[in-house]
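For reference, the structure is listed below as structure tokens.
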Amino acid sequence: MNKLSPINLKRSSSGATLIEVLVAVVILSIGLLGISGLQMRALMNNQSAINRNAAIVHAYSISEAMRAIPARAAAGDFDIGLTEDKPTGTSFPEVTLANWRDQIYSTLGEDATGSVSCTGNSCTIIVQWDDSRGTSGSDQQQFTIELLL
15 MNKLSPINLK RSSSGATLIE VLVAVVILSI GLLGISGLQM RALMNNQSAI
65 NRNAAIVHAY SISEAMRAIP ARAAAGDFDI GLTEDKPTGT SFPEVTLANW
115 RDQIYSTLGE DATGSVSCTG NSCTIIVQWD DSRGTSGSDQ QQFTIELLL
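According to the numbering used here, the sequence shown is numbered sequentially starting from 15.
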């Protein structure tokens, strides 16, 4: 009978083979790719949440300016549509709206805009921005508040 010597037995059973190491590296690589994908998605959704928070701040900032002179707001001096150009006048409502739009552009991007529409003492404020980077949002997002003067 041909028996393996103890020296040959130790050589054949010690350490990991090259195939085992390659399989472990492939499994580790797939796991790391999955983690990096989750990290990218988390960053995109975080940016979407930051934009939504900024829209809330912008909507409340124009509402506070309107509450400063409610008679002018009720008269429609703060009214502006989503597609209208920013005002160029020198009155308080026009300057306030122009600054408000500039802040929206700088915070939420060039596609962002805002509108104000008042009927009597009831006003609707809308802030709209492009949220295509977020994974679960549509391209256009809107934040709307109703304001009573």
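Just so you know, even glycine gets a beta-carbon here, dropped at the ideal spot from N, CA and C.
Query	Result
With burial defined as no fewer than 16 other Cβ atoms inside 10 Å of the residue's Cβ, what is the status of Arg55: buried or exposed?	exposed
Buried or exposed, going by whether 16 or more other CB atoms sit within 10 Å of the CB of Leu164?	For residue 164 there is no data in the structure shown, the boundaries of the chain being 15 and 163.
Of the residues Thr104, Glu108 and Thr97, which one's Cα is nearest the Cα of Asp91?	Glu108
Does at least one heavy atom of the ligand SAH sit under 7 Å from the Cβ of Thr127?	No copy of the ligand SAH occurs in the structure displayed, which carries no ligand at all.
Mapping the DSSP letters down to three states, classify Glu124 as helix, strand or coil.	coil
Less than 6 Å between C-beta atoms, sequence neighbours within five positions excluded: which residues of the same chain meet that for Asp125?	Asp144
Give the secondary structure of Phe106 by DSSP, where H, G and I count as helix, E and B as strand, and everything else as coil.	helix
Measure the alpha-carbon distance for Ile94 versus Leu163 and round it to whole angstroms.	17 Å
Anyone know if the C-beta pair for Ala85 and Leu122 falls short of 8 Å?	no
Can you find the residues in the same chain that come closer than 8 Å, C-beta to C-beta, to Tyr74, ignoring five residues on each side of it along the sequence?	Ile159
Taking Cys137 and Ala79 to be in contact with their CB atoms under 8 Å, please state how far apart those CB atoms are, rounded to whole angstroms.	About 11 Å; that fails the 8 Å criterion.
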